[in-house]
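Engineer:
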Amino acid sequence: MRDAVIVEAVRTPIGKGKPNGFLAHVHPVELLAHTLRSLVERSGVDPALIDDVIGGTVDQVGEQAMNTTRYAALSAGFPETVPATTVDRQCGSSQQAVHFAAQGVLSGAYDIVVACGVESMSRVPMWSNVPPGKDPFGPGIAARYPDGLVPQGISAELIAAKWSLTREQMDAFAVTSHHRAATAWEQGLFDAEVAPLDGVSRDESVRPGTTPEILAGLKPAYHDPVFAERFPQIEWNITAGNASPISDGASAVLITSSETAARLGLRPLARLHSFAVTGSDPVLMLTGVIPATDKVLRRANLSIDDIDLFEVNEAFASVVLAWRQETGADLAKVNVHGGAIALGHPLGASGTRLTTTLVHAMRERGARYALQTMCEAGGLANAMILEAV
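Numbering (my numbering), first residue to last: 1 to 389.
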């Protein structure tokens, strides 16, 4: 029976998604091209053998329009015969690319495929793809949700309220994320996964000196009197310190079968074991990681205690802490090298960034099983389980 394995995984350092960020000068096509080029150089695979390149990008407009993944593959020097496509499952776009790529290998449709993603939030800000005055949802959604949908920040506040998460808990979680990321950099644990670009070799948003006292001084990021009246339970505890920053970055993984890897002399990093995707309440929006985790564990016939490492995207601290309450996972095993609060969250790149960090952490820590899950706008979530080879 065919399997699907990851044989290489690489990412750029992550820059602040601001005009003065370390990577703001790099066109998003070139950000992604850099990871694709690094991927084949590190693996030694002839890019002509690649059956497809599947990339994730969220704001597909402007410099990230017109199937960014295709032009990144061409810019990377891949033969013109190598196809590419760009997918959008919001923040989980490149994790979905991993699912599609692995499922293609498992089905026999692909032998070698790249899953990747990119987002340059400094050059293409969030919501750039929705012109002012335009409604991306339509009248059917307005009828189904007559009180209206809400921004993600409000969803994060609703989650904090529903799971009784305090400002102190969320700030403490954020501090841990920064300290873990700083320690990982100090110990060289990111060296194997990061491909320096234009003199940038480290993630820009990691703050080793962050403390609970510093974060306690930050103001609420999403306070709004209209939503305060609609949702009186909100205590307005989400800040820039316990949420992920806007970021620039790209990442990519190379997926094939064990048989093809052996034939080409490639060393698998991990086997792609099980997959799940689910929908959830689009107002709470970010809670899908809870049922997605349950769904993928059931498919894998595993329990939460069987998992040695977790990557749960830190869009907001409240998301991960609510997930932890519901699943009972050990936080000591979650985002062990820091998460998006510290490292950054370049939307379309985050899925394969988490995968890249996870497979290298599995190898470094001798983990057998690892689980990755991501919340996504619209009330969606992806989850997958990796297994050591």
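Don't be surprised by glycine CBs; every beta carbon is placed ideally from N, CA and C.
Decide if D281 is buried, meaning its Cβ has at least 16 other Cβ atoms within 10 Å, or exposed.
Structural biologist: exposed
Engineer: Where V359 and A270 are concerned, what is the direct C-alpha to C-alpha distance, given to the nearest angstrom?
Structural biologist: V359 and A270: Cα-Cα distance of roughly 6 Å.
Engineer: Exposed or buried, P295, counting other C-beta atoms within 10 Å across all chains shown (16 or more means buried)?
Structural biologist: Position check: residue 295 holds Lys in this sequence, whereas Pro was assumed. Buried, by the Cβ-count rule.
Engineer: Please classify T256: does DSSP put it in a helix, a strand, or coil?
Structural biologist: In the structure shown, T256 sits in a strand (DSSP, three-state: E or B).
Engineer: Checking 9 Å against the spacing of the C-beta atoms, do E326 and I290 come in under that value?
Structural biologist: yes
Engineer: Going by C-alpha distance, which of A4, R324, P208 and N242 is nearest G288?
Structural biologist: Restricting attention to A4, R324, P208 and N242, the CA atom closest to the CA of G288 is found in R324.
Engineer: How is A340 classed by DSSP in three states: helix, strand or coil?
Structural biologist: helix
Engineer: Quickly, what does DSSP pair M66 with across the bridge? List them, please.
Structural biologist: Answer is none; M66 lacks a bridge partner.
Engineer: If we ignore side chains and look at the alpha-carbon of each, how far apart do S93 and G56 end up?
Structural biologist: 4 Å
Engineer: Pull the bridge partners of V114 from the DSSP assignment, please.
Structural biologist: Paired residues: V53 and L254.
Engineer: What did DSSP end up calling H273 once you bin it into helix, strand or coil?
Structural biologist: strand
Engineer: Less than 9 Å between the C-beta atoms of A367 and S177, yes or no?
Structural biologist: no
Engineer: In this structure, does DSSP put T166 in helix, strand or coil?
Structural biologist: coil
Engineer: In angstroms, rounded to a whole number, what distance separates the CA positions of A252 and V312?
Structural biologist: 18 Å
Engineer: Counting C-beta neighbours from all protein chains within 10 Å, is the total for E259 16 or more, i.e. buried, or is it exposed?
Structural biologist: exposed
Engineer: What does DSSP give as the partner residue(s) for Y145 in the beta ladder?
Structural biologist: According to DSSP, which records beta bridges pairwise, Y145 is partnered with nothing at all.
Engineer: Report the start-end ranges of each beta strand (DSSP E) in the stretch 342–369 that is 3 residues or longer and not cut off at the edges.
Structural biologist: Restricting attention to beta strand (DSSP E) runs no shorter than 3 residues, the stretch 342–369 encloses none.
Engineer: Relative to the C-alpha of E193, which candidate in H27, C375 and T357 has its C-alpha closest?
Structural biologist: T357
Engineer: Alpha carbons only, please: which of F190, V226 and A276 is nearest the one belonging to R363?
Structural biologist: F190
Engineer: Between the beta-carbon of H273 and the beta-carbon of A292, is there less than 9 Å?
Structural biologist: Not in contact: H273 and A292 (Cβ atoms no closer than 9 Å).
Engineer: Between the alpha carbons of E376 and G351, how many angstroms are there, rounded?
Structural biologist: 11 Å
Engineer: Just reading off the alpha helix (DSSP H) that R11 is part of, what are its end residues?
Structural biologist: That residue, R11, is in no alpha helix (DSSP H); its beta strand (DSSP E) goes V5 to R11.
Engineer: Would you identify the three-state DSSP class for P47, choosing helix, strand or coil?
Structural biologist: Under the three-state reduction of DSSP, P47 is assigned to helix.
Engineer: From this set, E229, V130, G17 and V114, which residue's C-alpha is nearest R37's C-alpha?
Structural biologist: V114
Engineer: Would you check if the stretch 62–70 and the stretch 141–152 touch, i.e. whether three or more CB-CB distances between them fall below 8 Å?
Structural biologist: no
Engineer: In three-state DSSP terms, what is G104?
Structural biologist: helix
Engineer: Please go through the same chain and pick out, in chain order, the residues whose beta-carbon is closer than 8 Å to the beta-carbon of L380, but skip the five residues on each side of it.
Structural biologist: R89, Q90, G92, V277, T278, G279, S280 and G288
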